[in-house]
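In this note's numbering, the protein residues as written are 56 to 239.
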């Protein structure tokens with residue numbers, strides 16, 4: 056019974072992955088642990104492109120189904136030691152442990168391509184004919200010395216990716232933007 060209650064308190068009710076509250080707790084634990092081992096970690100901030108359009112044209116049930124399928128793709132792609140969580144709405148976060156920001160950028164680009172090629176139901180009705188994702192990458196402590204500034208930095212990079220045309224990966228300050236092919 057207690058195990059079930061704990062699971063309900065840390066899991067997103069729709070997608071089954073970790074929820075926003077648990078992400079905040081896990082992030083705080085990693086921020087506290089990191090100086091002891093003198094290592095940082097990257098944070099990916101993801102947003103499903105044109106999700107409102109998808110929800111409006113397919114309805115909320117299909118929108119919820121898309122969120123669940125998207126969460127399953129994310130959860131199946133990363134290691135058990137990494138944290139995949141729903142941040143809210145169509146936004147997700149991934150905390151990657153024991154890798155560099157450069158490696159996180161590479162993994163984010165691989166994930167972006169995987170999502171772009173995944174046969175999500177209804178993707179053909181989206182701009183470009185498929186479901187895509189924009190991803191912002193920031194790293195502790197380089198891009199933020201605390202939880203709030205790290206999240207802001209990753210969110211800012213996500214905004215830059217959206218502003219540059221969506222379906223992109225952007226690192227904080229966008230010095231290292233990964234160019235992607237333009238969908239027609």
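Yeah, the Cβ is synthetic: ideal placement off N, Cα and C, and Gly gets one too. Keep in mind the model is a prediction, meaning the values are calculated, not measured.
Asked	Found
Alpha-carbon spacing of residue 130 relative to residue 139, whole angstroms	6 Å
Pick from 63, 86 and 180 that is closest to residue 150, judged by C-alpha positions	86
The segment 186–198 touching the segment 90–98, judged by at least three CB pairs closer than 8 Å	yes
Those residues which DSSP pairs with residue 146 across a bridge	102 and 143
Per-residue burial, residue 227 [other beta carbons within 10 Å of its own, 16 or more giving buried]	buried
4-residue-minimum alpha helix (DSSP H) runs that sit fully inside the segment 135–207, ordered along the chain	156–172
Beta-bridge partners of residue 96, as assigned by DSSP	195
According to DSSP, residues forming a beta bridge with residue 77	DSSP output for residue 77 lists no bridge partner at all.
Continuous alpha helix (DSSP H) stretch holding residue 131: start and end	115–132
Distance between beta carbons of residue 78 and residue 142, contact taken as under 8 Å	7 Å
Helix, strand or coil at residue 91 according to DSSP, with G and I counted as helix	helix
Whole-angstrom C-beta distance between residue 117 and residue 184, which should lie under 8 Å	Going by Cβ atoms, the distance from residue 184 to residue 117 rounds to 17 Å, so no, they are not a contact pair.
Cβ-based burial, residue 119 [other Cβ within 10 Å; buried from 16]	exposed
Residues near residue 83 in its chain [Cβ-Cβ closer than 8 Å; skip 5 each side]	202
Best match in 144, 189 and 152 for proximity to residue 166 [C-alpha to C-alpha]	189
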